[in-house]
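Asker:
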Amino acid sequence: MNAIIFHGSAPHATADKFWYQDIAQSLNDRGIATIVADLPKLDQESLTDTLTKIKEMNLIIDQNTILIGHSAGTNIIFALLEQLTTPVKAVYLIAGYSKSNGMKHTTLKSSYDWDIIKKNSKEFYMFNSFNDPFDCNEKQGRLLFDRLGGTLILRNDGHFTQIQQPLLMALLKQY
1 MNAIIFHGSA PHATADKFWY QDIAQSLNDR GIATIVADLP KLDQESLTDT LTKIKEMNLI
61 IDQNTILIGH SAGTNIIFAL LEQLTTPVKA VYLIAGYSKS NGMKHTTLKS SYDWDIIKKN
121 SKEFYMFNSF NDPFDCNEKQ GRLLFDRLGG TLILRNDGHF TQIQQPLLMA LLKQY
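When you line the sequence shown up against UniProt numbering, it's residues 1 to 175, in that order.
1. With DSSP as the reference, label F134 as helix, strand or coil.
2. When we look at the beta-carbon of F130 and count the other beta-carbons within 10 Å, is it buried (16 or more) or exposed?
3. For my contact list, Q71 and G141 are in at a C-beta cut-off of 8 Å; report their separation, rounded to the angstrom.
4. In its own chain, which residues sit with a C-beta less than 7 Å from the C-beta of A10, not counting the 5 before and 5 after it?
5. Helix or strand or just coil, what does DSSP make of T161?
6. Leaving out five residues before and five after L148 in sequence, what residues of the same chain have Cβ atoms less than 6 Å from its Cβ?
7. Please confirm whether residue 179 and I60 have their CB atoms less than 8 Å apart.
8. DSSP on M169, reduced to helix/strand/coil?
9. Using 8 Å as the Cβ pair cut-off and three pairs as the minimum, do the stretch 77 to 95 and the stretch 157 to 168 touch?
10. According to DSSP, is L67 part of a helix, a strand, or is it coil?
11. Return the CA-CA distance between I54 and T48, expressed in angstroms with no decimal places.
12. Note the first and the last residue of the continuous beta strand (DSSP E) segment covering Y92.
13. Between the beta-carbon of L143 and the beta-carbon of K99, is there less than 8 Å?
14. Is it the case that the Cβ atoms of K89 and T65 are separated by a distance below 8 Å?
15. When the Cα atoms are used, what is the spatial distance from D16 to F6?
16. Do T50 and T107 have their C-beta atoms closer together than 8 Å?
17. Does the beta-carbon of M126 have 16 or more other beta-carbons within 10 angstroms, so that it is buried, or is it exposed?
18. Grab the span of the beta strand (DSSP E) containing S129 for me, first residue to last.
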């Protein structure tokens, strides 16, 4: 089994910030090969360029993969799921969104093929906050839940940038 973590918008969120490495280390310690995809221009360059860079990473994305995305990283997961032919094990969308939150995002597409995305993961978990300062809030979470099903978790955790994410860690222990 493997996991891939996609961080949020650079330069604010990079592979070494927030909880990404902590979660990756915990999963690696339990035998789940995990990387944080380092995308230093995420949400600054076109989605096509970002997807090309991801393809060049030769990441294994198959039925034994867990995808974890934070903020703009969730949009990368949607774009990847639209292209897959084999569903992944699970997807975790942390502070995810699918509609404009008033900020410029090069990772956000104007529309997605939600039927294909839904078919390409066996399970979806969405974490959103009532008090998210970037409007990746409960309304965005509800939109994702309505499109994908799964489990919607609503908190008062801002934009989920705390170093420790105990609930996410607890859920990942099921693997």
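Where a beta carbon is used, it is the ideal one built from N, C-alpha and C, also for glycine.
Answerer: Reading off the structure:
1. coil
2. exposed
3. Reading off the sequence, residue 71 comes out as Ser, not Gln. In fact, because the Cβ distance is near 13 Å, the residues do not count as touching under 8 Å.
4. Contacts found: L39, P40, K41, L42, D43 and Q44.
5. T161: coil per DSSP, three-state reduction.
6. K118 and F124
7. Any question about residue 179 goes unanswered here, given that the chain covers just 1 to 175.
8. helix
9. yes
10. strand
11. 10 Å
12. A90 to I94
13. Yes. Within cutoff.
14. yes
15. A straight-line Cα-Cα distance of about 11 Å links D16 and F6.
16. Closer than 8 Å, so yes.
17. buried
18. F124 to S129
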